[in-house]
Each structure stands twice: as C-alpha cells, then as structure tokens.
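J.: To convert, take the position in the sequence shown, counting from 1, and add 70; that gives this note's numbering.
No residue lacks a Cβ here, since even glycine has one placed at the ideal position from N, Cα and C.
Okay, here's the structure, questions in a sec.
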Amino acid sequence: MATTMTPPAADPVTLMPKKGSRARPLFDPPIVRRALTDSFLKLNPRTMMKNPVMFVVEVGAAITTLLAGKEMAGGAGVAGFTFQITLWLWFTVLFANFAEAMAEGRGKAQADTLRKTKTETTARRLIDGRKTETVAATQLRAGDLVLVEQGETIPGDGDVIEGIASVDESAITGESAPVIRESGGDRSAVTGGTKVLSDWIKVKITSNPGETFLDRMIALVEGAQRQKTPNEIALNIVIAGLTLVFLLAVVTLQPFATYSVAASGSGTVPSVTVLISLLVCLIPTTIGGLLSAIGIAGMDRVMQHNVLAMSGKAVEAAGDVNTLLLDKTGTITLGNRQAVEFIVVGNIAEADLADAAQLSSLADETPEGRSIVVLAKQKYNIRGREVAEHEAHFIPFTAQTRMSGVDLDGRRIRKGATDSVVEFVHEHGGTVPTELMEVTERIARSGGTPLVVADRDRVLGVVHLKDVVKGGMRERFAQLRAMGIRTVMITGDNPLTAAAIAGEAGTDDFLAQATPKDKMDLIKKEQAGGRLVAMTGDGTNDAPALAQADVGLAMNTGTMAAKEAGNMVDLDSNPTKLIEVVAIGKQLLMTRGALTTFSIANDIAKYFAILPAMFMATYPVMGKLNIMGLHSPQSAVLAAVIFNALIIIVLIPLALRGVKYKPMSAAALLRRNLLVYGVGGVIAPFPGIWLIDRLLGILRLA
71 MATTMTPPAA
81 DPVTLMPKKG
91 SRARPLFDPP
101 IVRRALTDSF
111 LKLNPRTMMK
121 NPVMFVVEVG
131 AAITTLLAGK
141 EMAGGAGVAG
151 FTFQITLWLW
161 FTVLFANFAE
171 AMAEGRGKAQ
181 ADTLRKTKTE
191 TTARRLIDGR
201 KTETVAATQL
211 RAGDLVLVEQ
221 GETIPGDGDV
231 IEGIASVDES
241 AITGESAPVI
251 RESGGDRSAV
261 TGGTKVLSDW
271 IKVKITSNPG
281 ETFLDRMIAL
291 VEGAQRQKTP
301 NEIALNIVIA
311 GLTLVFLLAV
321 VTLQPFATYS
331 VAASGSGTVP
341 SVTVLISLLV
351 CLIPTTIGGL
361 LSAIGIAGMD
371 RVMQHNVLAM
381 SGKAVEAAGD
391 VNTLLLDKTG
401 TITLGNRQAV
411 EFIVVGNIAE
421 ADLADAAQLS
431 SLADETPEGR
441 SIVVLAKQKY
451 NIRGREVAEH
461 EAHFIPFTAQ
471 TRMSGVDLDG
481 RRIRKGATDS
491 VVEFVHEHGG
501 TVPTELMEVT
511 ERIARSGGTP
521 LVVADRDRVL
531 GVVHLKDVVK
541 GGMRERFAQL
551 RAMGIRTVMI
561 TGDNPLTAAA
571 IAGEAGTDDF
581 LAQATPKDKM
591 DLIKKEQAGG
601 RLVAMTGDGT
611 NDAPALAQAD
621 VGLAMNTGTM
631 AAKEAGNMVD
641 LDSNPTKLIE
651 VVAIGKQLLM
661 TRGALTTFSI
671 ANDIAKYFAI
681 LPAMFMATYP
691 VMGKLNIMGL
701 HSPQSAVLAA
711 VIFNALIIIV
721 LIPLALRGVK
731 YKPMSAAALL
741 RRNLLVYGVG
751 GVIAPFPGIW
761 LIDRLLGILR
771 LA
C-alpha cells in the first residue's frame, strides 16, 4: 500500500558505546561440529585431487581397505595389522580435511551471521518522490529510492541523497561505535544490512539483488573464491615432486627385496601394506595436509581485523609489499577542510573577528562553514543566533565572486579568497593592512587555505582552514617505515600544500597534482623496479590505481567503484590498517615456511627412524641401525603411521593462528626456521615413534 512520505523530525538518541564482539575461539564447538562433517564430505576424490599429497594417501587408504577386507574375510579379525594401518591412513586423510574445514568453518560462521542480516528485510520504496510502498529488499533494483528511518535496516547498498543519520554498521564491520552518514562528501555510501539509529535518510540504491557488497562478503568469507597464490602453487609443485620421487623409490623396493630374498634364501618381501605405509610416512603429508588451512586461516585473520580480502593472493602479496600509496583526502586527512584558528590584523579583537566569521557562516552548509561556526562557539562561546528578525540577507558563495557573507543591521560582512575580499574592501573605500598578505602567504605555505573576513571597508582578519590529518598518522607511518615500507601520499593539491601535509603526516614522499593516470604511472614505475605496491583509496578516481596495485585496499566509506576495484576492503576505513594486513601477510609466509621446514625435516627423521626396523628381516644387517630398539617391523610401521596422522592434529592450532610475527630479514627468518622447526622436525619423530611403539607393545596391537 502506498503512503505519503513525511520525513520524521530529528530524534537524537544517546549512543552508548558497547564492547565490540570478540574473535571466535580457535575450537568453537559449532565450528568443530561443522568441520567434522565437512571432513567426511571432502573425501570426494574430485575434491582430494586438488591436493596431490593427500590424494595419494587416500588412494593408499582405499587399497589397504580392500586388502584388510580380504584378510578379514579370511578370518584375520579387526585387530589385524592391515586393518590398523587402514584405519590410521583414513585418519590421516580426515585429519588433513579437518584442518582445512576448521579454517573454512570460521569463514562460514561469519557468512551465516552476515546472511541473517539479509533475511526478511523490507524496504519503503519511494514513488514520485513523496509516496512510499513497502516491498521486499530483494525486489529493489539499482536506481530505486528508499526512505530509511530510525530503527530500520538499510535494505541495500546505496548513496545517501538526502538527510543525515547515525548508522550502526556493527553487522558489517564488527565495530560497535555508530557512524554518521549524510548526503554529499565521502560519507554518503551506505551498506545493506546496516541499521539507522537516529533521524532519517533517503537512499538511492546502487546495486541489484545478488550484486550487493553483503552478497560479495558472504561469498568471499566462505572461501568460495580463494585462489592459490604463486608461492603456494610453487610449494605445491615441490610437494608433488617429492611425492613422485618417493613413490618411485618405494615402488622399486619391491623388486629389489624380491631379488634379495631369492638370492639369500632368507628374509621376507615387504607387503603392499608396508610399502604404502612407508610411502605415506616419507611423502610430505604434514605440510600437504595443512597447506590449504594456512592460506584460508590467513584470510580469516585479516577478516578478524575487519578487512575483507578478495583472495589469499592479496594477503600473501601484502607480506611482501615495499611501497604504500595513500590518497590524501579522506584517507590521510579527514576529507574536509576545517577552521583551526582566527588570525586578526590591525587593531581588531579576535572575538570580533570570530563573531563576524560566524555570522557570515550561519547559512553556509558546507563542512568548512559549519566548522567556522563550531570554532567560534568553542573558543569564545559565541552561539548561532536567530537573525531573521534583523532582516539578514545571506550572500551565497559563487565561482565568480569567490565570496560569501551576510548583510544585516547595516553591516556587510564577507569572507572568501584574499584577492576577492581585498577588492570588496577597496570598492567601499577602505584600505588593507600590510600584514594581511604576510598572514595569507604564511597559511598557504603551511598547506592551509586562508579565508579573509571583512566588514565593509575594514579587513578584520583571516580564518585558517586546513586539511586535518587523522590522529596517530605519524606514528603509524613510522611503524610502516620500520617494516621497510615506503609511504607516498597522492593528492590533487599543489606541491606547496602537498609538501606541508606530507610533512605533518610523516609520509616518506608525495605526488602532487596527481591525475588518475599519474597514479597508475607511479604504480607501474614501482612495479617495473621489482617492488610490490599497495594502494589505499576511497574515491572513484582511485579505482584504476587500486586495480593496478598488487594490494588494493579500498575504504568501506568510499565509492562502490573503489571497493570493486580493490582486492581488499577495510571495513573500518582506517588507511593505516595496512600495517596489520602486512603483518598478517608476513605471518602467513612465515607460517608456511616454518611448517614446510618442519615437514621435510620430519620426513628425513622418519626415514632413519623406521627404515632399519622395517627391513631388518629382509636385510638383517640393518638391525644394527635400529637405534630406538623398535619391537618389530610391524610395530615400527604402525607407530610411524600413527605418528604421521597425529602430528597433523597437533599442528592445526599453529596453522590456524600462525607463527608469531617478528620483523626480521629473510636470512634471520631462515636461521630461525632451521633452528626451531628444522631441528624440532628432526627430533620430534624419534621420541614420538618410540613412545607409540612401546604403547602398541603394551596393548599387544603389533
């Protein structure tokens, strides 16, 4: 039913900050239950073929299952050696699937939460600009206008074209503090699924069903579009190569053993079950089982910092970033010039200047005008006045006059560009103090904008407007510098203003009067020099550069074009969030390197730990190398297979949480991996296999 639209009166509410949601525990029961189910679903051979190592283990488990079934049919019973090997081989595959499912499960849990924000949402679509009709949010199309009032959910992505409201975006960002969304400027973008807490807004929908930012978030956090990174692909090739080498080595053991037994007349030929067990123990099953989990967990850790990564490649690339380009407006600065001080000239009292500046700005709805009113109130407690009874006539700003102001009670107050106001004063027979030009030039050199204020023939002074740098920027850029990342500010301002703001923010360099092409050219130049480039931005003019950069971090408050061009979206719109993203990217690379080192060292140790015991019946001389005193070839094989399966479970927390990040050089990182994970990987199998061998002996299972 259609109704007449009457915008509600502003109803300000008190917004009490509440604690943000905590990150999910590592082994959250619902996630574990889902992962257990998914572990069995992933046994599908088509799924397993994506992981060559674990596919080999699954094929081996399938073969030993047939052999165990044959033995059991012959009366061997469930305690038979082949049955136990089969059981632990399947456990190995399931444990690897469980690790991957756990990493995916955290994303699916987040997706379920996001999906709830889409259910049963309705919208009040505007008809003819005044009437509304209630429709399902799924019926909205790009270009539709909707009215959203206090307590209602914004039904789709869009831009605010009228009104102002405080919006709860915690469903999307996880941040409990409300944000202001208003028409115009860089705070007009709203996201479907967020909630209006006060006042009202009119929103123009910018996306069709299935194409919203929330839809993309759901698909992405589920890992559906996760692509393997170049390093991950290279590591997969190495692992597959090692698997092939060990496969050939194990296959050739059978004819050699047959020949040796026939030649010596003693010993036994290893069974197919033993050979499959040996293959599984020697191939890099540890890293093969955890590799996918590491990549998915990296994306999840980025999400925990309220950054949506479009692919694992973006996260990994962040770990190798050398240069960071930042758009100035809305990224380094707040986005609008603010009045920061009143500077008098001549014998004028500063309070008189503030009063005149405020009077001239009462009808000025620009952010600059509002900031002048606020500054006068803060410094001199001069409040906005009711000027209607004074028959005030407000003069709007125009590109021709480059001034605005007010005429009231015989006064003609103007504020604007220096030359325009000076000409206005001269026209009224006044003179300009010599110090005026000195003040305006000083403000311009500092990167600010001078607004001269005059009353008829008198210059009262200057309002200093400046781009306000967001708090903590200098410290954050210092952190990036310590991580070896060079920061470059990009702006359309003149070089003088750009240099001043870059100096205040603490960036390493700047590019002034930059066009979209200039940004692209700078990124290409950096990339041609072998450097990986990250770009942060929020505007449509940043979109080409965000698409070209190796890591394109778009601000959530930015335009839809910027968010679609980047391969990451910062839901908190904090440009220095890249510090956390870089740390997570480096952590991902360090974790993968650490576990690869451990896995290879582990395989080498298992080779020397179990091979003598396995083949001392065939080659009695190898019994001297059985330094651990393993009970029998069967117990040695079974102990090794059990250890091989259990070590995957033990390392799942490390794969999901990641190795603790510490800034260090590649050489130092290699030394640490070799000392901690290399030595640890060599040592761990010996006590582990020995202990399992003793337990098997006590339980009489081998």
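Within 10 Å of its beta-carbon, does P723 have 16 or more other beta-carbons around it, so buried, or fewer, so exposed?
T.: Position 653 of the sequence shown, counted from the start, is the residue given in the question as residue 723. So P723 counts as exposed.
J.: Counting only beta-carbon atoms, is G262 nearer than 9 Å to chain C?
T.: In the structure shown, chain C does not exist; there is a single protein chain.
J.: Bridge partners of E270, per DSSP?
T.: For this step, residue 270 is matched to residue 200 along the sequence shown. Reading off the sequence shown, one finds Trp at residue 270, where the question assumed Glu. W270 pairs with E219, I234.
J.: How far does the beta strand (DSSP E) with I353 in it extend, from its first residue to its last?
T.: To locate residue 353, count along the sequence shown from 1; it is residue 283. Careful: I353 lies outside any beta strand (DSSP E) and carries neither H nor E.
J.: Figure out for me which residue from P503, H534, T504 has the closest Cα to the Cα of G518.
T.: The residue labelled residue 518 in the question sits at position 448 within the sequence shown. Measuring from the Cα of G518, the nearest candidate turns out to be H534.
J.: Going by DSSP in three states, T577 sits in which element: helix, strand or coil?
T.: Numbered from 1 along the sequence shown, position 507 holds the residue referred to as residue 577. Correct three-state label for T577: coil.
J.: Count the other CB atoms, across all protein chains shown, that sit within 10 Å of the CB of V691; report buried if there are 16 or more and exposed otherwise.
T.: If you number the sequence shown from 1, residue 691 lands on position 621. Label assigned to V691: exposed.
J.: Can at least three beta-carbon pairs, one atom from the segment 340-349 and one from the segment 122-136, be found at a separation below 8 Å?
T.: Flag = yes, the segment 340-349 and the segment 122-136 touch.
J.: Can you say whether A552 is buried or exposed, counting buried as having 16 or more other CB atoms within 10 angstroms of its CB?
T.: Here residue 552 corresponds to residue number 482 of the sequence shown, with the count starting at 1. By the 10 Å Cβ count, A552 comes out exposed.
J.: Do you know how far the Cα of V749 is from the Cα of R257?
T.: The count along the sequence shown starts at 1 and reaches residue 257 at position 187. The count along the sequence shown starts at 1 and reaches residue 749 at position 679. For R257 and V749, the distance between alpha carbons rounds to 54 Å.
J.: For the alpha helix (DSSP H) holding V377, just list the boundary residues, first then last.
T.: The residue labelled residue 377 in the question sits at position 307 within the sequence shown. Careful: V377 lies outside any alpha helix (DSSP H), inside the beta strand (DSSP E) at 377-379.
J.: In angstroms, rounded to a whole number, what distance separates the CA positions of F97 and L106?
T.: The residue you call residue 97 lines up with position 27 of the sequence shown. The residue you call residue 106 lines up with position 36 of the sequence shown. So the two alpha carbons sit approximately 12 Å from each other.
J.: Ignoring anything shorter than 4 residues or poking outside the segment 106-152, list the alpha helix (DSSP H) runs there in chain order.
T.: With a minimum length of 4 residues, the continuous alpha helix (DSSP H) runs that stay inside the segment 106-152 are 115-118, 122-143.
J.: My guess is that V127 and T356 are in contact by the Cβ rule of under 8 Å, so how many angstroms apart are they, rounded?
T.: Position 57 of the sequence shown, counted from the first residue, corresponds to residue 127. Position 286 of the sequence shown, counted from the first residue, corresponds to residue 356. 11 Å between Cβ atoms; not a contact.
J.: Return the chain-ordered ranges of every beta strand (DSSP E) run that is complete within the segment 396-443 and spans a minimum of 3 residues.
T.: Counting only runs of 3 or more, we get 403-414.
J.: By DSSP, does V538 sit in helix, in strand, or in coil?
T.: Within the sequence shown, the letter at position 468 stands for residue 538. Looking at V538 - three-state DSSP - the assignment turns out to be strand.
J.: Let's see if you can read the secondary structure: which residues bound the beta strand (DSSP E) around D525?
T.: One-based indexing of the sequence shown puts residue 525 at position 455. Looking at the DSSP string, the run of the beta strand (DSSP E) that includes D525 is 519-525.
J.: In whole angstroms, what separates the C-alpha of K595 from that of E203?
T.: For the purposes of this step, residue 595 is taken as the residue at position 525 of the sequence shown. For the purposes of this step, residue 203 is taken as the residue at position 133 of the sequence shown. Taking the straight line from one Cα to the other gives about 53 Å.
J.: First and last residue of the alpha helix (DSSP H) that includes E545?
T.: Position 475 of the sequence shown, counting from 1, holds the residue named residue 545. 543-552 is the span of the alpha helix (DSSP H), which, as asked, contains E545.
J.: For D229, which residues does DSSP report across the bridge?
T.: Sequence index remark: in the sequence shown, residue 229 carries index 159 (1-based). Bridge partners of D229: A259, K274.
J.: Using only the alpha-carbon positions, how far apart do G90 and R472 sit?
T.: For the purposes of this step, residue 90 is identified with residue 20 of the sequence shown, where counting begins at 1. For the purposes of this step, residue 472 is identified with residue 402 of the sequence shown, where counting begins at 1. Bear in mind that a pLDDT of 38 at G90, under 50, signals an unreliable position, so the model cannot answer this.
J.: Is it a yes or a no for the segment 421-432 touching the segment 558-572, going by three-plus beta-carbon pairs under 8 Å?
T.: These segments do not touch.
J.: Compute the Euclidean distance between the alpha carbons of V321 and D612, then round it to the nearest angstrom.
T.: As a first step, residue 321 is located in the sequence shown; it is residue number 251 there, counting from the start. As a first step, residue 612 is located in the sequence shown; it is residue number 542 there, counting from the start. Whole-angstrom Cα-Cα distance: 57 Å.
J.: Take the Cβ of Y747 as the centre, count every other Cβ of all protein chains shown within 10 Å, and call the residue buried at 16 or more, exposed below.
T.: As a working mapping, residue 747 is identified with position 677 in the sequence shown. Y747 is buried by the Cβ-count criterion.
J.: Can you list, in chain order, the residues of its chain with a C-beta nearer than 8 Å to that of F110? Leave out the 5 residues immediately preceding and following it.
T.: Sequence index remark: in the sequence shown, residue 110 carries index 40 (1-based). Once the five neighbours on either side are set aside, the close Cβ partners of F110 are L164, N167.
J.: Using a threshold of 9 Å, state whether the C-beta atoms of I555 and L394 are closer than that.
T.: As a working mapping, residue 555 is identified with position 485 in the sequence shown. As a working mapping, residue 394 is identified with position 324 in the sequence shown. For I555 and L394, yes; Cβs fall inside 9 Å.
J.: Give the single residue among E497, S516, D489, G499 whose Cα lies nearest to the Cα of L506.
T.: Position 436 of the sequence shown, counted from the start, is the residue given in the question as residue 506. Of the candidates E497, S516, D489, G499, the one whose C-alpha sits nearest the C-alpha of L506 is D489.
J.: Between which residues of its own chain and A632 is the CB-CB distance below 8 Å, once the five residues before and five after are set aside?
T.: Sequence index remark: in the sequence shown, residue 632 carries index 562 (1-based). Once the five neighbours on either side are set aside, the close Cβ partners of A632 are G607, D608, G609, T610, D612, A613, L616, A624, M625.
J.: To the nearest angstrom, report how far apart R194 and A304 are at their CA atoms.
T.: Within the sequence shown, residue 194 is the residue found at index 124, counting from 1. Within the sequence shown, residue 304 is the residue found at index 234, counting from 1. Between R194 and A304, the C-alpha separation is close to 52 Å.
J.: Out of curiosity, what's the CA-to-CA distance linking C351 and I674?
T.: Here the question's residue 351 lines up with position 281 in the sequence shown. Here the question's residue 674 lines up with position 604 in the sequence shown. Cα to Cα, C351 sits roughly 10 Å from I674.
J.: Suppose contacts are defined by Cβ-Cβ distances below 9 Å. Is T313 in contact with V123 by that definition?
T.: By 1-based counting over the sequence shown, the position of residue 313 is 243. By 1-based counting over the sequence shown, the position of residue 123 is 53. Contact flag set, yes.
J.: For the beta strand (DSSP E) containing R192, list its first residue and its last residue.
T.: Along the sequence shown, one-based indexing puts residue 192 at 122. What sits at residue 192 in the sequence shown is Thr, not Arg. Unbroken beta strand (DSSP E) run through T192: 192-197.
J.: For my contact list, A363 and A664 are in at a C-beta cut-off of 8 Å; report their separation, rounded to the angstrom.
T.: As a position in the sequence shown, residue 363 is number 293, starting the count at 1. As a position in the sequence shown, residue 664 is number 594, starting the count at 1. So it is not a contact: roughly 14 Å between Cβ atoms.
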